[in-house]
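What follows is one structure encoded as structure tokens, with my remarks underneath.
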Amino acid sequence: MTTNRPGERMRAALTATLLAGTIALGGCSMSDSNPESRGGGEEVAAPLSDEQAQAQVVDVGRELRTVAGLQDVGGGFSFESCNDQGEPPYRGLLEMSAQLPAGTDTQTYARQVADAMVAAGWTDGPPPGKKPYGTVIHKDGVMVVMGPGNVDGLLAFTVQGECRNTTDHRDDGKTVGRDITPELLSGS
Numbered sequence: 703m704t705t706n707r708p709g710e711r712m713r714a715a716l717t718a719t720l721l722a723g724t725i726a727l728g729g730c731s732m733s734d735s736n737p738e739s740r741g742g743g744e745e746v747a748a749p750l751s752d753e754q755a756q757a758q759v760v761d762v763g764r765e766l767r768t769v770a771g772l773q774d775v776g777g778g779f780s781f782e783s784c785n786d787q788g789e790p791p792y793r794g795l796l797e798m799s800a801q802l803p804a805g806t807d808t809q810t811y812a813r814q815v816a817d818a819m820v821a822a823g824w825t826d827g828p829p830p831g832k833k834p835y836g837t838v839i840h841k842d843g844v845m846v847v848m849g850p851g852n853v854d855g856l857l858a859f860t861v862q863g864e865c866r867n868t869t870d871h872r873d874d875g876k877t878v879g880r881d882i883t884p885e886l887l888s889g890s
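My numbering puts the first residue of the sequence shown at 703, with every later residue one more than the last.
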């Protein structure tokens with residue numbers, strides 16, 4: 703095909719450049735050695751069912767409530783993809799809040815909660831390689847990040863489980879949070 707007009711030559715050159723770039727970069731995403739950032743199809747050792755992935759973080763929410771004596775607890779659960787493509791694997795994600803004690807600021811209370819959890823066997827700070835913002839504790843592959851809530855007077859908690867749920871949740875609505883406050887308040 704011969705192109706005589708400048709616009710056609712420009713489109714042909716742009717198409718050729720994009721095609722060459724696509725071919726050259728096509729395999730780059732497969733070379734990532736971080737298992738939490740890879741796309742679908744990856745092998746997951748000891749996968750968790752939906753129920754197990756949810757229990758992993760809800761149980762931590764209950765433990766936070768009882769060990770730290772949290773008041774007015776509420777929260778929601780969803781599945782979160784462990785990669786930028788929204789593909790499996792997924793992890794359980796619990797977002798919850800608790801009332802700040804009167805006269806206590808968020809940072810001080812987060813530190814008090816973290817100290818209580820460390821005394822109960824949790825590790826202070828994030829797992830190696832993670833750098834979340836906030837007061838952080840972790841244990842057995844689960845990380846808890848604490849910080850200011852969206853409403854004054856609340857401490858917010860983000861509880862992330864392990865990336866071991868291999869169910870494809872892209873189209874099942876389970877990546878949208880649902881209220882699980884009654885589950886957080888049940889049990890010991």
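Every residue gets a Cβ at the ideal spot worked out from N, C-alpha and C, and that includes glycine. As the structure is a computational prediction, the values presented were derived from the model and not from experiment.
Excluding the 5 residues flanking it on each side, P803 has no same chain C-beta neighbour closer than 6 angstroms. Here Y835 carries a coil assignment [DSSP, helix/strand/coil]. Secondary structure at P850: strand, using DSSP grouped into helix, strand and coil. Apart from sequence neighbours up to five positions away, the residues of its chain that approach I839 with a beta-carbon distance below 7 angstroms are A816, M819, V820, W824, T825, D826, V846, ordered along the chain. Between V844 and G863, the gap from beta carbon to beta carbon is short of 8 angstroms. Under the three-pair Cβ rule at 8 angstroms, the region 782–798 counts as touching the region 857–875. Distances from the CA of A755 to each of M848, E782, E745 were compared; the closest alpha carbon is that of E782. Around the beta carbon of V853, a 10 Å sphere encloses fewer than 16 other beta carbons of the protein chains shown; the residue is thus reported as exposed. Per the coordinates, the alpha-carbon of G875 lies some 28 angstroms from the alpha-carbon of R767. Here DSSP, grouped into helix, strand and coil, assigns G794 to strand.
The three-state reading of DSSP puts L886 in helix, counting H, G and I together. Membership of Q862 in the beta strand (DSSP E) is indicated by the continuous run 856–862.
Between L856 and V760 a beta carbon distance of about 19 angstroms is seen, past the 8 angstroms cut, so the two are scored as non-contacting.
Ranking E789, Q801, V775, G849 by CA distance to the CA of P884 puts V775 first. For E765, the enclosing alpha helix (DSSP H) covers residues 752–770. DSSP places D817 in no beta strand (DSSP E) but in the uninterrupted alpha helix (DSSP H) bounded by 808–821.
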